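Notes follow the structure.
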Amino acid sequence: MIIRVPPNKNMTEGSLIALTKNDVFIGYAEIIISTDEALMLSVDNKAVKTFNELFGEQIPFTIDFF
């Protein structure tokens with residue numbers, strides 16, 4: 001699954017990001033494209049189920065970089 005998120009100058013292509021939901025690890029994402037407009041993330045299969053639930057049920061969520 002590929003998702004588009006707002007840009008972050010601290011993140012570079014090839015970086016691996018741990019994804020959490022309510023402080024519980026749900027999977028990894030890799031930054032595959034980094035531009036001034038957006039980051040494109042490739043999300044691993046473990047996290048896809050969670051994102052499908054969020055998108056499918058139209059549950060609002062945020063992606064925060066720390």
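Numbering (UniProt numbering), first residue to last: 1 to 66. Cβ coordinates follow ideal geometry from the N, Cα and C atoms, glycine included. Please read all numbers here as calculations on a predicted model, not as lab measurements.
*asked:* With distance defined between alpha-carbon atoms, name the residue in 1, 61, 58, 13 nearest to residue 36.
replied: 13
_Distance CB(residue 16)-CB(residue 28) smaller than 7 Å_ = yes
*Going by alpha carbons, who is nearest to residue 18 out of 30, 58, 3, 8?*
30
*From residue 47 to residue 32, what does the alpha carbon distance come to, in whole angstroms?*
16 Å
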